[in-house]
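S.K.:
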Amino acid sequence: MSENNTRPVWHTQSVEEVFSMLGTDGGGLSANEAEIRLKKYGENKLPETKPDSLALVFLRQFESPLIYVLIAAGGIVLMLGEAIDAGVIFAVLFINAIIGSVQEGRAQNTLASLKKFVETRATVLRDGREVIIPDTGLVPGDIIVVQEGERVPADARLISIRNLRISEAALTGESTPVRKTTDTPTWEELAVSERRNMIFRGTHITTGTGRAIVVGTGLNTEIGVIAKEIVSISSDVPLKIEIGRLARLIIFITMFIASALFTVGIMAGKGVTEMFLTVVTLSVSVIPEGLPIVLTIVLATGVWRMGKRNALVKKMHAVEALGQVDILAVDKTGTLTRNEMVVQKIYTNGKFFKVGGVGYEPHGEIILSGAEVEVANHTELLLLGKISSLCANARVLWSEETNQWNVSGDPTEAAMLVLSQKLGFHKDVLENESPIISEMPFDYNLKYHAVLNREGDTNVLSLAGAPEIILDFCNTIYIGGEAVNLSEKMRSEIESVLLEMSKEGLRVIALATFRGASDLPNTTTPPHATFVGFLGMHDALRVEVASTVMRAREAGVRTVMITGDHRATAESIATEAGIFKEGDKILTGRELDIMSPEELASAIKNVSVFARVTPEHKIKIIRAYKSAGNIVAMTGDGVNDAPSLSAADLGVSMGVIGTEVAKSASDIVLLDDNLNSIISAIEEGRSIYKTIKKVILYLFSTSAGEVLTITGAILLGYMVPILPAQIIWLNFVTDGFLDVSLAMEPKEKDILLEKRSKESRRLVDRLMYTRIIIMASVMAVGTLYLFGDYAYGEPAKAWTISLTLLAVFQWFNAVNCRSHKLSIFQMNPFSNLYLLGALVIVVLLQMFALYTSLGQKLLHTVPLSPSEWGTIFAIASSIIVVEEIRKFIHRIHSAKTLRPVI
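In the numbering used here, the protein residues as written are 1148 to 2049.
(1) Can you name, in chain order, every residue of its own chain whose Cβ lies under 6 Å from the Cβ of residue 1823, other than the five neighbours on each side?
(2) Alpha carbon to alpha carbon, what distance is there between residue 1581 and residue 1792?
(3) What does DSSP give as the partner residue(s) for residue 1545 in the beta ladder?
(4) Which residues mark the beginning and the end of the alpha helix (DSSP H) in which residue 1834 is found?
(5) Whose C-alpha, out of 1928, 1596, 1553, 1734, is nearest the C-alpha of residue 1355?
(6) Compare the Cα-Cα distances from residue 1631 to each of 1677, 1968, 1417, 1297 and report the closest residue.
(7) By Cβ distance below 6 Å, which residues in the same chain neighbour residue 1788 in space, the five residues on each side in sequence not counted?
(8) Using the Cβ count rule (16 or more neighbours within 10 Å means buried), how would you classify residue 1776?
(9) On a Cα-Cα basis, can you pick out the residue from 1563, 1517, 1352 that is closest to residue 1510?
(10) Quick check: the region 1679-1690 against the region 1478-1494, are at least 3 beta-carbon pairs closer than 8 Å?
(11) Which residue wins for smallest C-alpha separation from residue 1357, given the options 1335, 1965, 1367, 1328?
(12) Since residue 1350 contacts residue 1313 with CB under 8 Å, what's their CB separation in whole angstroms?
(13) Determine, using beta carbons only, whether residue 1343 and residue 1299 come nearer to each other than 7 Å.
(14) Tell me the DSSP bridge mates of residue 1363?
(15) Label residue 1330 either buried or exposed according to how many other C-beta atoms from any shown protein chain fall within 10 Å of its C-beta, with 16 as the threshold for buried.
(16) Specify, as a first and last residue, the run of the beta strand (DSSP E) that residue 1494 falls within.
(17) List the whole-angstrom C-beta distance separating residue 1293 from residue 1359, where the pair is believed to meet the contact cut-off of C-beta under 8 Å.
(18) What number of angstroms, rounded off, separates the C-alpha of residue 1130 from the C-alpha of residue 1953?
(19) Three or more beta-carbon pairs under 8 Å between the region 1500-1516 and the region 1708-1727, yes or no?
(20) What does the Cβ neighbour count give for residue 1375, buried or exposed, with the cut at 16 atoms within 10 Å?
(21) When you compare only the Cα positions, how much space is there between residue 1742 and residue 1727?
(22) Apart from the five residues just before and just after residue 1178, which ones in its own chain have a Cβ nearer than 8 Å to its Cβ?
(23) Rounded to the nearest angstrom, what separates residue 1622 and residue 1559 at their Cα positions?
(24) Along the chain, where does the alpha helix (DSSP H) that runs through residue 1732 open and close?
(25) How would you call residue 1579, buried or exposed, if buried means at least 16 neighbouring beta carbons within 10 angstroms?
(26) Establish whether the CB of residue 1356 and some CB of chain D are separated by less than 7 Å.
(27) Would the beta-carbon of residue 1427 fall within 7 Å of that of residue 1409?
(28) Give the straight-line distance between the Cα atoms of residue 1482 and residue 1688, rounded to the nearest whole angstrom.
(29) To the nearest angstrom, report how far apart residue 1615 and residue 1840 are at their CA atoms.
(30) Looking only at DSSP bridge pairs, what is residue 1586 linked to?
(31) Kindly indicate which three-state DSSP category residue 1606 falls into: helix, strand or coil?
(32) Name the two residues that bound the continuous alpha helix (DSSP H) containing residue 1884.
(33) Is the beta carbon of residue 1949 less than 7 Å from the beta carbon of residue 1871?
(34) Helix or strand or just coil, what does DSSP make of residue 1281?
(35) Check whether the Cβ of residue 1632 lies closer than 6 Å to any heavy atom of the ligand PLP, and answer yes or no.
(36) Less than 7 Å between the beta carbons of residue 1176 and residue 1288, yes or no?
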């Protein structure tokens, strides 16, 4: 793409020229200068997407097949000369659109307010020191530090790099990561993907580290110019699609019934006008008009509640998936553990050293046989510390804000860096003394990190990684200050030490060196390296993990651990967490490699731990669970986790330690990195899903009751028992208050403990169909029974009887729908004050319809006597009696089929 004429062509400028143009140097800006520039350039953010206009939001309320049917019905009624009925239909549609517009606005405000929970941070040099700040505070001239897993916070010119590769797919569409350089090209007209000395906002760092000077922020970035940043949350979710299909199915069935009734009526000698009115009434009665509004309310409220419980929903389909999850695949580090990796034990030169200190503080004693040692007197410790420093690309920074040491980068490499500092090494000094020739950052497939340095006239290779990989590179071992041949007996002893340390729950990293190396190693490199020792790292289990795993098990969610750790380490941690139990199996990456997808899908039933796995293995595991019919939630925090987060039904990333790549790939971000928050989110998801089912049950059972009433009346030879305007009154006014109040129903107690089958996961399951048929039948039979006594008398009285009886049926039905198993007499009537308030309102509105001249004129009603009210309440109460009997039978059946503990 071509440059904007008002913007300098930064990629053709040398680093010194960029420093000069932006008035800065390698030490970065001062805090005062940064504040001045922030006022000048503004915050480093893109403008929010403009919300739709009120008019557009209002018109969108009519974009529904259900509403189209109602508009058509109003038009037909108007053509039949029923101006008042048509006016009522159109008036209520207009009011419904207003209510829908208000609710949609509230939902968008709720989603927008959740964005405040997510704040991307950047590492920047201020006053010569590295500090972490919100990336909105970056200004041109700032020196930023970027590394693997981070998202580039602004457009910048690279100053220095170490194996830096960046995925620029968000900007260019190219999926292959771009290898970066600091070289200065002379051509101005280069495509974005060819500007190798530049990094751009919104792109992701896949490997390596670098420093760069910010040249553009906010709208003055490449992504700002093309306005490609997406800031809205999609609302086109599978849940809505399923509801839409259900609505279309009911409309189709209704149209079939209406056509059949119209034909039968004409053949029976009824008038065309009368039958048109009947068909219109039938069509209006089946439409659950309030469903779109209620769905918006339930989802928006649920998303907000999840946010309050530290689970930020990024993609709305996650709400549906949360209610269905039965496999929770967790990464060990950061999810089960505190992600504070600390070296506690060193094995080198045949001796075990203990390492003191707290957290990431770069100070601590080294202890041998209970006594502190002088590191300078132990050459093996000096060599081990040097390798640790050279193979660590993480940074440990002091935060004035939190008054503690914070890590930027991989926790394992951060632990290595802190150990090297305890042993007296400083990375910057080391790299000045021994310049880096080439480097291969830690690779999750190869499982090691390699650095080639120049020491005097000699090249020295430093290796750190998985013990079994590093040992394959070694043919000598460092003992007594020199490299001696690594015999089979020594190798066997080393492997025994590895197993012993792994059983203690330590993550073990092997270190090796090779003086005289010509290049970085590869799979064909012969074993010429010298084994130096092991680092035993401990990452304490989070205190809530064991209880959370048990809570998940009680909820029917099986927790499995997927880790890159050694098999023995993984088993130790999983046992402590309560994930691995007697009889469970462990699969390693090597075993996964030789298994077909079908074999894995069959084998995973009893597997609770996957050890020594790669990112490709994770995807294979998730696909196996999905092929077995499971709904999988996967947790992750690193770049390597992104593919599996995308592959899972529900990707869950860590909000504190998670990389931007992982967050982008996930559906939910845990703001507190707490495993318990996942279970809380699953609980909220089930509650939301169940609430939606309650509302659907209520709306479709009442609609079905109206359809059966009208159909039954025609088949019995009665006149139409209820008019279109009255149906609209019931569906919009009565239902309109009650369905919204049902949507506010509090979460049921012990919802996680309920037995769940695959059938119950469907939006409308067999139990719901049964309840809809039972409730609709009771409503139809009761209404037709009473209507029959008035059908041949005054029409207004008959219509009023039907309208009021159906209204009272709906009042009672709303109370029934609060629970599928609990008796209404077991439930606290004051636990949902919204429902109590709605019941009061609909009773008053029904009084308005019957006892005011305006209500009588609009709805063709007449007053009812107290005795008629008594008869109506007596018949309507039958829906409670029948449903209470069904619930009683359901409770007895459920008690015999309690959920087995998994």
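All C-beta atoms in this analysis are idealised placements derived from N, C-alpha and C, irrespective of residue type, glycine included.
M.R.: Taking the definition as stated:
(1) 1691, 1695
(2) 39 Å
(3) 1552
(4) 1822-1862
(5) 1596
(6) 1677
(7) 1809
(8) exposed
(9) 1563
(10) yes
(11) 1328
(12) 5 Å
(13) no
(14) 1302
(15) exposed
(16) 1489-1495
(17) 7 Å
(18) There is no way to answer for residue 1130, as the model of the chain reaches only from 1148 to 2049.
(19) no
(20) Confidence at residue 1375 is low in this model, with a pLDDT of 40, below 50, so its placement is unreliable and the value that follows should be read with caution. Burial call: exposed.
(21) 22 Å
(22) 1273, 1274
(23) 26 Å
(24) Run containing residue 1732: none in the alpha helix (DSSP H); it sits in the beta strand (DSSP E), 1732-1735.
(25) exposed
(26) The chain labelled as chain D is not found in the depicted structure, where only one protein chain is given.
(27) no
(28) 9 Å
(29) 53 Å
(30) 1598
(31) strand
(32) 1882-1890
(33) no
(34) strand
(35) The ligand PLP is absent from the structure shown, which contains no ligand whatsoever.
(36) yes
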